[in-house]
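Student: Chains as they are written, first to last, in the numbering used here: chain A, 3 to 333; chain B, 7 to 380. I am attaching a structure below and will ask some questions about it afterwards.
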Amino acid sequence: MNEQTEMMMENIRQFAESNISSISLKIEREGIPDDLYAKIIQQGLIGATLPPELGGAGLDRNSYDAILFQLARISPSVAFHVFMNNSLILRSLEKAGRMDIISEIISGKERYGIAPGPLMEGGEDGEGSLIIEPGSRNIVIGRNGGKVTVLTGMPRLLDKKPLGLRGLKTDIAILEDNGEQILSREDMEAIWEDGSWHSAAIFLGLAEGALEKAIEYTKVRKTFNFSLKDYEPVAFRMSELKSELEIFKNTLFSDVEDSLTGMMLKTLSAEFSRRATKYALQFHGGYGYLEDFGVEKFYRDAVSLNSIMFRPITDKRVLAAKIYGEKSGFL
Amino acid sequence: MDFDLPEELDEYRKKVREFAIREFRPELAEKSDRDESYPDEIRKKTLKEGLVDFSNPWKTMIAIEEMCRVDPGLGISATVPYFGAEVLMLHGSDYLREKYLSRVAGGNAIMGLGVTEPGGGSDVAGLKTNARKEGNKYIVNGSKMFITNGTIADFFVMLVRTSPPDDPKKRHHGLSVLVVERNFKGFDSNHLTGKLGVRATNTAELILNNVEVPEENLVGEEGKGFYYIMEFFNISRVFVAAQSIGIAQGALDRASAYLISEESKGHFVGEERKFKLAEIATRVEASRLLMYKAASYLFNYRPNPMITSMAKGYASETASFAAETAMEITGSHGLKTDLERLFRDSKIMEIWEGTSEVEKIVISRMMMKGDKNE
Ligand SMILES: Cc1cc2nc3c(=O)[nH]c(=O)nc-3n(C[C@H](O)[C@H](O)[C@H](O)COP(=O)(O)OP(=O)(O)OC[C@H]3O[C@@H](n4cnc5c(N)ncnc54)[C@H](O)[C@@H]3O)c2cc1C
Chain A
3 MNEQTEMMME NIRQFAESNI SSISLKIERE GIPDDLYAKI IQQGLIGATL
53 PPELGGAGLD RNSYDAILFQ LARISPSVAF HVFMNNSLIL RSLEKAGRMD
103 IISEIISGKE RYGIAPGPLM EGGEDGEGSL IIEPGSRNIV IGRNGGKVTV
153 LTGMPRLLDK KPLGLRGLKT DIAILEDNGE QILSREDMEA IWEDGSWHSA
203 AIFLGLAEGA LEKAIEYTKV RKTFNFSLKD YEPVAFRMSE LKSELEIFKN
253 TLFSDVEDSL TGMMLKTLSA EFSRRATKYA LQFHGGYGYL EDFGVEKFYR
303 DAVSLNSIMF RPITDKRVLA AKIYGEKSGF L
Chain B
7 MDFDLPEELD EYRKKVREFA IREFRPELAE KSDRDESYPD EIRKKTLKEG
57 LVDFSNPWKT MIAIEEMCRV DPGLGISATV PYFGAEVLML HGSDYLREKY
107 LSRVAGGNAI MGLGVTEPGG GSDVAGLKTN ARKEGNKYIV NGSKMFITNG
157 TIADFFVMLV RTSPPDDPKK RHHGLSVLVV ERNFKGFDSN HLTGKLGVRA
207 TNTAELILNN VEVPEENLVG EEGKGFYYIM EFFNISRVFV AAQSIGIAQG
257 ALDRASAYLI SEESKGHFVG EERKFKLAEI ATRVEASRLL MYKAASYLFN
307 YRPNPMITSM AKGYASETAS FAAETAMEIT GSHGLKTDLE RLFRDSKIME
357 IWEGTSEVEK IVISRMMMKG DKNE
């Protein structure tokens, strides 16, 4: 990890510890509070990767991934909020040349939600669209002839408590047909693919958050007069998971930039996040099943984000095509 | 060897399934989950239709599976008001069975089982709740954790320590089972909310502060409590296997319906997802056969704790595997349907009634003792 990334890791770790840790349960129950949204803007986290001439911080990949990783360690919802704004919404608007909207977003004047629709596997748009963080305006992918659309106004929501990302008030929305088209579907696919490294940062950050909790818990919890960590199945599983995580982090924070490695890391870390968070919950026993202990949210978020950010068929097909050098894995 | 259910049981299975599809309305399942409220109407309807019959464990097992297949929260709520009843059936005096069990069976009371404590659930013999004999009563002090029906049950079958172990290596000695009523002075309960799943079920912490329990509420003999509870787990673990298989089958139903519908809309469904479906289906079948084997030993009065632990352990891991894989197969569609609730419900299977690790401890201990499943 280079010095700049290390500094960013430390800064955001402190930011998350002092502004998010103590309210992480409240975020799950009530959503991200307005003052935290304001602090995220103040810290320059929205617009982190935009070039300075557009009002952004122009951060490199490593620094941006350090932000997502550290936020996901404490609250995957907050990490996804930052990812969604930077890697999906602002990138789309930048590509579409909509500087007017960009400045509204990075100044915190306007908040956007996203309905990724048919880009996701099992997703469709229109009625029953999964909408993430409904905002005063929404970016909808794949409506009106497969284009990326900006819709204005709050959509009608079904008020269904989502599996994951509860801090973002993710819901099912009825999307009315009144948007303005800004991009083609192909452009959005490319933007989505560019997000691989950053998705991996979130998967790995939330896995680290869960494993840290489990390692602490298994040190202090005793059964049959021994600490849980004294039992081979507990200690060995935790150590294996932690080893995998460290190896993945070495790649995440290396100076490699290419999209193939990003895609590989995303593929492996998506599955890893589910496995790591599930063990973390399991080793908490009954306490792991209660939200107060803050570990079940990582499991929910891991599975939920697997459905939102990772497409087990589409993404694997892209990976297979890169590995074989030709179209593969389509039967 | 015949792998088909006897006709009578198969008819019963169909009847329960029809009931669950009819009565477990999506709005009720969603509301009970969202508000963490116990759906008492389901308990009453199940009783009225005679669908829970604890004198017939085969029927009970099948009812649990079929109900959990439609909705685990409601399915467990319908069958859990009797939780712990077998301890009273097998060891309770006529007085206790008459006074407590008959009320539960008649639908006039709900019961619960209090074993786990804040300090531990896997290590049953390490419990701290203490019952001191004073005259013709026990004075009980301590607390119990994660107790199902904790704020709605009228009484609890509770494991407590009545004397210190005669040898520190034999901590399972000196434990006894008492029936503790909610309205005994000094009893309090605290509703635990914010569960990941099975939110229709009621879970609580019980606080016991100098609770006076009449001596006639001792179940069986003093000092034999640990054995009664282990014997009970040997029964209840078969029922948890049934809950788990219900969930796994429910996940399979939903995932296959989704893929069939995708194909019918002309969307391509490749081998990867079909193979995953095949894997879930295979594990469901294997779990069910193992459960039937454990049940046939148990219900024919030849309990085999090793097979029971295999059945519970494997079925619960299958539930979790099936629900997670179904989420993967259905992608964002699954997030919008009741599959996500089924997924949240599934994880408890690997925790309650003996965690997956505890089941492996039981199995490996018996293997190391030379038990060969013969
Ligand atoms: C919703 C819910 C309802 C419940 N209902 C009831 C009820 O009605 N009545 C009741 O009495 N209890 C009930 N329980 C409690 C449940 O049975 C316990 O949570 C369970 O037995 C595990 O105990 P624990 O939570 O104390 O975990 P612990 O025993 O502390 O175990 C923590 C972790 O360590 C692992 N572990 C422990 N020892 C070892 C070892 N030697 N080797 C390897 N791994 C080990 C466990 O497998 C687990 O993963 C309920 C729990 C929940 C969550």
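Ideal Cβ placement from N, Cα and C applies to all residues, glycine included. Treat the numbers as computed from the prediction; the structure is a model and nothing was measured.
Give a yes or no on whether the minimum CB-CB distance between Ile-25(A) and chain B is below 7 Å.
Tutor: For the purposes of this step, residue 25(A) is identified with residue 23 of the first sequence, where counting begins at 1. For Ile-25(A), the answer is no, since every Cβ of chain B falls outside 7 Å of its Cβ.
Student: Specify, as a first and last residue, the run of the alpha helix (DSSP H) that Ala-292(B) falls within.
Tutor: Here residue 292(B) refers to the residue found at position 286 when the second sequence is read from its first residue. Taken as a continuous stretch (DSSP letters only), the alpha helix (DSSP H) holding Ala-292(B) covers 277-305.
Student: Since Glu-335(A) meets chain B, which of its residues come closer than 7 Å, beta carbon to beta carbon?
Tutor: Since the first residue of chain A shown is 3 and the last is 333, residue 335(A) is not available in this structure.
Student: Let me check you understand the geometry: is the CB of Pro-78(B) closer than 6 Å to at least one non-hydrogen atom of ligand 1?
Tutor: Indexing the second sequence from 1 puts residue 78(B) at position 72. No, the Cβ of Pro-78(B) stays beyond 6 Å of every heavy atom of ligand 1.
Student: Would DSSP call Val-121(B) helix, strand or coil?
Tutor: Position 115 of the second sequence, counted from the start, is the residue given in the question as residue 121(B). In this structure, Val-121(B) counts as coil in the three-state DSSP scheme.
Student: May I ask which residues mark the beginning and end of the alpha helix (DSSP H) holding Ala-159(B)?
Tutor: Counted from its first residue, the second sequence places residue 159(B) at position 153. Unbroken run through Ala-159(B): none, as it is neither H nor E.
Student: Run through the segment 173-219 of chain A for me and flag every whole beta strand (DSSP E) of 3 or more residues, listed as ranges in chain order.
Tutor: Counting only runs of 3 or more, we get 173-176 and 182-185.
Student: Applying a beta-carbon distance threshold of less than 9 Å, which residues of chain A neighbour Lys-353(B)?
Tutor: Translated into positions along the second sequence, residue 353(B) becomes position 347. Near Lys-353(B) (Cβ distances below 9 Å), the residues of chain A are Lys-280, Leu-283, Gln-284, Gly-290, Tyr-291, Glu-298 and Tyr-301.
Student: Can you tell me which of the three DSSP states Glu-129(A) falls into?
Tutor: In the first sequence, residue 129(A) corresponds to position 127, counting from 1. Residue state, collapsed to three classes: strand.
Student: Taking Cβ positions, are Ile-70(B) and Phe-245(B) nearer each other than 7 Å?
Tutor: Within the second sequence, the letter at position 64 stands for residue 70(B). Within the second sequence, the letter at position 239 stands for residue 245(B). Yes.
Student: Closest to Ser-89(A) by C-alpha separation, out of Asp-102(A), Leu-61(A), Glu-129(A) and Ser-77(A), would be which residue?
Tutor: Taking the first sequence and counting its residues from 1, one reaches residue 89(A) at position 87. When each option's Cα is compared against that of Ser-89(A), the closest is Leu-61(A).
Student: Which residue from Gly-360(B), Ile-116(B) and Leu-265(B) puts its Cα closest to that of Thr-314(B)?
Tutor: On the second sequence, residue 314(B) is found 308 positions in, with the first residue counted as 1. The shortest Cα separation from Thr-314(B) among Gly-360(B), Ile-116(B) and Leu-265(B) belongs to Gly-360(B).
Student: Give the straight-line distance between the Cα atoms of Pro-53(A) and Thr-331(B), rounded to the nearest whole angstrom.
Tutor: Mapped onto the first sequence, residue 53(A) falls at position 51. Mapped onto the second sequence, residue 331(B) falls at position 325. The alpha-carbon atoms of Pro-53(A) and Thr-331(B) are separated by roughly 40 Å.
Student: Please decide whether Ser-128(B) counts as near chain A, where near means a Cβ-Cβ distance under 7 Å.
Tutor: Locating residue 128(B) in the second sequence gives position 122, where the first residue counts as 1. True, the Cβ-Cβ gap to chain A drops below 7 Å.
Student: Closest by CA to Ser-241(A), which one among Ala-282(A), Lys-97(A), Arg-223(A) and Ala-98(A)?
Tutor: Start at 1 with the first residue of the first sequence, and residue 241(A) comes out as number 239. The shortest Cα separation from Ser-241(A) among Ala-282(A), Lys-97(A), Arg-223(A) and Ala-98(A) belongs to Ala-282(A).
Student: Flag this pair as yes or no: are the beta carbons of Thr-154(B) and Val-86(B) separated by less than 7 Å?
Tutor: Taking the second sequence and counting its residues from 1, one reaches residue 154(B) at position 148. Taking the second sequence and counting its residues from 1, one reaches residue 86(B) at position 80. Contact flag set, yes.
Student: What are the complete beta strand (DSSP E) segments, minimum 3 residues, inside the segment 130-217 of chain B?
Tutor: 136-140, 143-154, 161-167, 181-187 and 193-197, all fully within the segment 130-217 of chain B.
Student: Could you spell out where the beta strand (DSSP E) holding Lys-244(A) opens and where it closes?
Tutor: Taking the first residue of the first sequence as 1, we reach residue 244(A) at position 242. First-last for Lys-244(A): 234-254, but that is the alpha helix (DSSP H), not the beta strand (DSSP E).
Student: Could you tell me the distance, in whole angstroms, from the CA atom of Gly-141(B) to the CA atom of Glu-228(B)?
Tutor: Residue numbering aside, residue 141(B) sits at position 135 when the second sequence is read from its first letter. Residue numbering aside, residue 228(B) sits at position 222 when the second sequence is read from its first letter. So the two alpha carbons sit approximately 15 Å from each other.
Student: Apply the 10 Å Cβ neighbour rule to Gln-101(A) and answer buried if 16 or more other Cβ atoms are within range, or exposed otherwise.
Tutor: Residue numbering aside, residue 101(A) sits at position 99 when the first sequence is read from its first letter. In the sequence as displayed, the identity of residue 101(A) is Met instead of Gln. With fewer than 16 other Cβ atoms within 10 Å, it is exposed.
Student: I'd like the list of long-range same chain contacts for His-197(B), defined as Cβ closer than 6 Å, with 5 residues on each side in sequence excluded.
Tutor: Along the second sequence, one-based indexing puts residue 197(B) at 191. Once the five neighbours on either side are set aside, the close Cβ partners of His-197(B) are Thr-157 and Ala-210.
Student: Assess, as a yes-or-no matter, whether the segment 202-211 of chain A is touched by the segment 70-77 of chain A under the definition of 3 or more beta carbon pairs within less than 8 Å.
Tutor: Yes, they touch.
Student: Per DSSP, which residues does Lys-149(A) bridge with? Please list them.
Tutor: In the first sequence, counting from the first residue as 1, residue 149(A) sits at position 147. According to DSSP, Lys-149(A) bridges with Arg-145(A).
Student: Verify the CB distance criterion: does Phe-334(A) have a CB-CB separation below 7 Å to chain B?
Tutor: Nothing can be reported for residue 334(A): it is not among the residues displayed for chain A, which extend from 3 to 333.
Student: Consult DSSP for Val-80(A) and reduce its assignment to one of helix, strand or coil.
Tutor: Against the first sequence, residue 80(A) aligns to sequence position 78. DSSP places Val-80(A) in helix when its eight states are reduced to three.
Student: Does any C-beta atom of chain A lie closer than 7 Å to the C-beta of Glu-334(B)?
Tutor: Position 328 of the second sequence, counting from 1, holds the residue named residue 334(B). Yes, contact with chain A.
Student: Rounded to a whole number of angstroms, what is the C-alpha to C-alpha distance between Asp-2(A) and Arg-75(B)?
Tutor: Residue 2(A) lies beyond the stretch modelled for chain A, which goes from 3 to 333, so this question has no answer here.
Student: Using 7 Å as the threshold, is the C-beta distance between Ala-261(B) and Leu-283(B) below it?
Tutor: Counting from 1 along the second sequence, the entry for residue 261(B) is found at position 255. Counting from 1 along the second sequence, the entry for residue 283(B) is found at position 277. Yes, the pair counts as a contact, with Cβ atoms nearer than the cut-off.
Student: Under a Cβ-count criterion, where at least 16 other Cβ atoms within 10 Å of its own Cβ denotes burial, should Arg-28(B) be classed as buried or exposed?
Tutor: Indexing the second sequence from 1 puts residue 28(B) at position 22. The residue is exposed, with fewer than 16 neighbouring Cβ atoms inside 10 Å.
Student: Taking the DSSP output, what are the residues bridged to Val-225(B)?
Tutor: As a working note, residue 225(B) is residue 219 in the second sequence. Its beta-bridge partners are Val-183(B).
Student: Check distances from the C-beta atoms of the segment 340-365 of chain B to those of chain A and list, in chain order, the residues that come in under 8 Å.
Tutor: Residues Gly-340, Leu-341, Lys-342, Glu-346, Phe-349, Arg-350, Lys-353, Ile-354, Glu-356, Ile-357, Trp-358, Thr-361, Ser-362 and Glu-363.
Student: If I measure Cβ to Cβ from Ile-107(A) and keep anything under 8 Å in the same chain, skipping five residues before and after, which residues do I get?
Tutor: Start at 1 with the first residue of the first sequence, and residue 107(A) comes out as number 105. Contacts found: Ile-48, Gly-49, Asn-87, Ile-91, Leu-92, Leu-95, Arg-113 and Tyr-114.
Student: Keeping to the same chain, check which residues put their C-beta closer than 7 Å to that of Thr-7(A); ignore five residues upstream and five downstream.
Tutor: As a working mapping, residue 7(A) is identified with position 5 in the first sequence. So the qualifying residues of the chain are Asn-64, Ser-65, Ala-68 and Phe-255.
Student: Would you check if the segment 333-341 of chain B and the segment 122-138 of chain A touch, i.e. whether three or more CB-CB distances between them fall below 8 Å?
Tutor: At 8 Å Cβ cutoff, the stretches touch.
Student: Quick one: what's got a C-beta closer than 6 Å to Gly-319(B)'s C-beta in the same chain, skipping five residues either side?
Tutor: Translated into the one-based positions of the second sequence, residue 319(B) becomes position 313. For Gly-319(B), where only same-chain residues beyond five positions count, the Cβ hits under 6 Å are Ser-362 and Glu-365.
Student: Using only the heavy atoms of ligand 1, determine whether one of them is closer than 6 Å to the beta carbon of Gln-284(A).
Tutor: Counted from its first residue, the first sequence places residue 284(A) at position 282. At least one heavy atom of ligand 1 is nearer than 6 Å to the Cβ of Gln-284(A), so yes.
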